[in-house]
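For reference, each letter of the sequence shown is one residue, going 2 to 263 in my numbering. Down below is the structure, laid out as structure tokens.
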Amino acid sequence: MDALAGLMQQQSHHSDARDHALALHKAEMQHADELHAQEVALERRRFLEQETLAIDLQHAKLKHAVLLAERDAVRDALSHRSQVTQSIMLVNAVVLGCGYMLVYQVNLPAGQHPAVAIVYCATLGLSIATILLSIALALVLQQRIVVYDLHRPLHRYPCDRTHPNFSSYFECHCRRLEDWSLRTFYGGTVFALATAATLMYALLATKYHLEGVGVGTVVGIGFAALTVLLGDVVVPSHTHAGPEDLVGGGDYNEMFARIKRV
């Protein structure tokens, strides 16, 4: 009996130990599942944070690249406009030299009709005056161009407006000066050609008695003057493409606009 009681007690202890071990194992598995879920959630959150940081860093790099490209584009535009202005002043100086040469070598033949001398002096004076005006406008234009500060896009200019890009500033402050500088240059060149045509006609018709040749020379010089006036119409110096096409197209610009807004 004692042996049976001991066996039953041993079985009871074994059953309790087994139940306790199962309970511990179940609790351990549940705790391991909870730890695994927390670890997965933590890894997912860390991955999302790293992904967000990587995207932000990429956007920052793109924005920086766009800003550098814009600054280089503005610098190129400033350099281009400055070179155009210097070219205007250079050709004006050449034409002005021609005008002063005509002043220095005034040798109209004697016996000319007074109208010829009047036309000669008038066209020569208008040529020198318009060329000097063109040079003055080009100098003012050069000063206006260098005033633009590409590092301060929100700066207010005398027009009480901000110009975030050079194109806006040029259209507001420089476009008329450039147009009138070119117009006065064309006008001065035409007047200089008219002076030369008058001088050639006077020499050929009076001194050498070649009136027909003189008329032909005047017609040729008149055609040259007409070419100067209408050259930009016949052979346009401006492209028909808009600014969005020059950069690379509307989709390209919209992409960079979205990058800058991020």
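Positions of the beta carbon are idealized from the N, C-alpha and C atoms, including for glycine. Values in this document were obtained by computation on a predicted structure and should not be read as measured data.
> Taking contact to mean at least 3 C-beta pairs separated by less than 8 angstroms, is the segment 166 to 177 in contact with the segment 144 to 152?
Replying inline: yes
> What is the C-beta distance between Y187 and H174, in whole angstroms, given that I count them as a contact (C-beta under 8 angstroms)?
Replying inline: That belief does not hold up - the Cβ atoms of Y187 and H174 are roughly 22 angstroms apart, past 8 angstroms.
> Residues bridged to R157 by DSSP?
Replying inline: T163
>> What would DSSP say about C173, mapped onto helix, strand or coil?
In response: helix
>> Considering just the uninterrupted stretch of the alpha helix (DSSP H) at Y149, what are its terminal residues?
In response: Taken as a continuous stretch (DSSP letters only), Y149 belongs to no alpha helix (DSSP H), as it is neither H nor E.
> Does the distance from the C-beta atom of L200 to that of Y121 stay below 8 angstroms?
Replying inline: yes
>> Can you tell me whether G112 is buried or exposed? The criterion is at least 16 other CB atoms within 10 Å of its CB, across all chains shown.
In response: exposed
>> Measuring only the C-alpha atoms, how far is Q51 from L25?
In response: 38 angstroms
>> Measuring alpha carbon to alpha carbon, tell me which residue in G189, T131 and C160 is nearest R145.
In response: C160
> Which of helix, strand or coil does DSSP assign to G188?
Replying inline: helix
> Measuring CB to CB, does L127 end up less than 8 angstroms from F192?
Replying inline: yes
>> To the nearest angstrom, how far is the alpha carbon of E44 from that of A38?
In response: 10 angstroms
> Out of curiosity, what's the CA-to-CA distance linking H164 and L63?
Replying inline: 23 angstroms
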